[in-house]
Amino acid sequence: MRHGRMMFNEQDRVQGVCDSPLTELGKQQAACTRDRFFADRNIHLDLAVCSTQERASDTLECVTDLPYERLKGIKEMSFGIYEGWLNKMIPCDWKTSLPVYGGDLFSVVAERMKGTLTEVMERDGFQSVLAVSHGCAIAAFLEAVGQSPRVFGNCSVAVFDWDAQSGSFELVEIWENPLA
30 MRHGRMMFNE QDRVQGVCDS PLTELGKQQA ACTRDRFFAD RNIHLDLAVC
80 STQERASDTL ECVTDLPYER LKGIKEMSFG IYEGWLNKMI PCDWKTSLPV
130 YGGDLFSVVA ERMKGTLTEV MERDGFQSVL AVSHGCAIAA FLEAVGQSPR
180 VFGNCSVAVF DWDAQSGSFE LVEIWENPLA
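Residue 30 in the working numbering sits at position 1 of the sequence shown, and the numbers go up by one each step.
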């Protein structure tokens with residue numbers, strides 16, 4: 030699940046490793062996902078994890094009251110010197126050029142996301158896991174598991190099946206939050 034809308038989204042600013050607070054709309058989006066995705070589908074979560082960034086944990090806390098674990102491996106990618114800048118100022122080749130500017134390489138984020146989420150899924154006893162992360166990190170994960178990378182709306186959910194025998198993720202659906 031992607032976190033809720035925050036102040037930098039409204040300002041069209043780059044928000045990688047820096048943080049800005051959830052807006053009221055962001056909190057409403059999280060409540061909508063809780064009610065219209067999880068509750069309406071009668072999905073009972075066994076485990077909840079989120080990135081170490083506050084916008085992810087704040088979103089998770091709006092969705093469930095389960096205890097949760099914060100994982101560095103699913104945090105957003107760093108945009109280096111572009112953190113906080115207007116989105117239109119990022120270079121077109123950002124997926125490969127960010128290390129020159131102190132940021133992360135998209136392919137490295139993809140492997141980090143896949144590795145961390147694989148470790149989570151290899152834990153015993155969990156059937157339904159919620160992982161709250163970030164737009165570009167989720168797009169990188171999609172690419173790492175053989176899907177077309179894309180950033181979807183705030184508090185939207187990518188649903189995957191986990192095949193423990195092959196250690197692979199299969200995309201089942203992307204549920205777009207109607208408030209996104």
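Glycine included, each C-beta is placed from N, C-alpha and C at the ideal position.
These figures come from a predicted structure and were not determined experimentally.
Using 10 angstroms around the beta-carbon of residue 82, count the other beta-carbons present and answer buried if the total reaches 16, otherwise exposed.
Numbered from 1 along the sequence shown, position 53 holds the residue referred to as residue 82. Burial call: buried.
Cα-Cα, which of 176, 31, 101, 124 is closest to residue 111?
Here residue 111 is taken as the residue at index 82 of the sequence shown, counted from 1. The shortest Cα separation from residue 111 among 176, 31, 101, 124 belongs to 124.
Just tell me which of 190, 60, 130, 198 has its CA closest to the CA of residue 184.
Position 155 of the sequence shown holds residue 184. If we check each option's Cα against that of residue 184, 60 comes out closest.
In three-state terms, what does DSSP make of residue 197?
What you label residue 197 is simply residue 168 of the sequence shown in a count that begins at 1. Of the three classes helix, strand and coil, the one that applies to residue 197 here is strand, per DSSP.
For residue 140, which beta-bridge partners are listed by DSSP?
As a position in the sequence shown, residue 140 is number 111, starting the count at 1. Paired residues: none, contrary to the question.
For the stretch 139-183, which segments carrying the alpha helix (DSSP H) assignment without a break, of at least 4 residues, lie completely within its bounds, in sequence order?
Within the stretch 139-183, the complete alpha helix (DSSP H) runs of at least 4 residues are 164-173.
Quick check on residue 67: does DSSP put it in helix, strand or coil?
Translated into positions along the sequence shown, residue 67 becomes position 38. If DSSP states are grouped into helix, strand and coil, residue 67 belongs with the helices.
Quick one: grab the DSSP three-state call for residue 79.
By one-based count along the sequence shown, residue 79 stands at place 50. In the structure shown, residue 79 sits in a strand (DSSP, three-state: E or B).
Helix, strand or coil, according to DSSP, for residue 119 in the structure here?
Within the sequence shown, residue 119 is the residue found at index 90, counting from 1. The answer is coil: DSSP assigns residue 119 none of H, G, I, E or B.
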